[in-house]
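Novice: Read in numbering that gives the first Met the number 0, the sequence shown has 80 at position 81, and its numbers run on one by one without any break.
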Amino acid sequence: MKGSLTILSFFALGLVIGRYTIINEWLSAVDYSTLSLYLLMFLVGISIGSDTRSLQALKNMTLKILLIPTATIVGTALGVWFVSIFVTKYTLKELMAVGAGYGYYSLSSIIIKNSHSDALGVVALLSNVIREITTLLLAPLMAIYFGKIAPICSGGATSMDTTLPIISRASGKEYAIPSLIHGIILTILVPFIVSLILSI
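1. Could you give the DSSP three-state label for A76: helix, strand or coil?
2. Which same chain residues end up closer than 6 Å to V193 when comparing Cβ atoms and leaving out the 5 residues on each side of it in sequence?
3. Along the chain, where does the alpha helix (DSSP H) that runs through V86 open and close?
4. Confirm, please, whether the CB-CB distance from I148 to A70 is below 9 Å.
5. I'd like the span of the alpha helix (DSSP H) that includes A261, first residue to last.
6. So A118 and A169 are in contact, right, with Cβ under 8 Å, and what is the actual spacing, rounded?
7. Consult DSSP for I196 and reduce its assignment to one of helix, strand or coil.
8. Within 10 angstroms of its Cβ, does N127 collect 16 or more other Cβ (buried), or is it exposed?
9. Going by the beta-carbon positions, is the gap between Y103 and T75 smaller than 9 Å?
10. Give the straight-line distance between the Cα atoms of K92 and I45, rounded to the nearest whole angstrom.
11. My output table needs one value for T71: the three-state DSSP class, helix, strand or coil.
12. Quick one: measure Cβ to Cβ for I151 and H181, integer angstroms, because I've assumed they're closer than 8 Å.
13. Whole angstroms are fine: how far does the CA of T157 sit from the CA of L136?
14. Considering only C-alpha positions, which residue in the set Y89, F81, S167 and I67 is nearest to S116?
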């Protein structure tokens with residue numbers, strides 16, 4: 000829980016600094032977010048490479064690994080269906096398209112905006128950002144109460160990058176590689192599934 004509060008504190012601090020200072024103009028000169036992501040992935044790679052359990056998990060990997068993204072897709076669809084009972088402003092198809100972003104807010108929101116409307120694009124952006132932040136904050140609790148796979152499914156497409164470190168810490172280093180593969184698969188599927196839903 001302490002780690003989640005630390006993450007939330009840094010996020011809140013970033014919001015305040017970004018809103019009330021000109022630091023964004025200085026930071027925009029260089030893509031620091033991408034550089035920090037590269038560093039993060041490098042450190043996660045070192046952590047996995049130095050852990051024999053992670054390497055053993057990679058050797059023992061089978062097609063069962065595909066069950067995790069399948070569970071995420073099915074679970075997200077069921078969750079969206081449940082939410083649609085209370086959110087009557089949008090159709091089930093529209094909400095399914097939003098949910099099919101699986102946390103990949105930058106791409107899914109653009110696809111939805113271009114294929115449908117600006118308003119639904121904003122909904123997609125916010126809901127998928129919330130999915131990522133929820134995973135960052137609650138991954139330790141998810142792993143305890145819902146199992147080690149739960150943070151991976153919650154992270155969706157982000158389980159390959161931004162939420163990978165917290166998933167690795169909450170579920171164990173041996174879950175880092177399944178998390179990475181899960182995120183890659185969903186990242187590839189997002190544009191196809193979102194576009195397919197909107198075209199129906």
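We put the beta carbon where it would ideally sit given N, CA and C, even for glycine.
Specialist: So, to answer that:
1. Look at A76 here: in three-state DSSP terms it is helix.
2. Same-chain partners within the cutoff: A96, A99, S107 and I110.
3. It is not in any alpha helix (DSSP H) - V86 carries neither H nor E in the DSSP assignment.
4. Taking 9 Å as the cut-off, the beta carbon of A70 is found closer than this to the beta carbon of I148.
5. Not covered by the structure: residue 261. The range shown for the chain is 0 to 199.
6. Contact annotation, A118 with A169: C-beta distance approximately 35 Å; criterion of less than 8 Å not satisfied.
7. DSSP places I196 in the helix class (H, G or I) of the three-state scheme.
8. Around the C-beta of N127, 16 or more other C-beta atoms lie within 10 Å, and the residue is accordingly described as buried.
9. Not in contact: Y103 and T75 (Cβ atoms no closer than 9 Å).
10. K92 and I45 have their C-alpha atoms roughly 42 Å apart.
11. Three-state result, T71: helix.
12. Distance from I151 to H181 at the Cβ level is roughly 5 Å; contact confirmed, criterion being Cβ atoms closer than 8 Å.
13. Spanning the two alpha carbons is a distance of roughly 14 Å.
14. Out of Y89, F81, S167 and I67, Y89 has the C-alpha closest to the C-alpha of S116.
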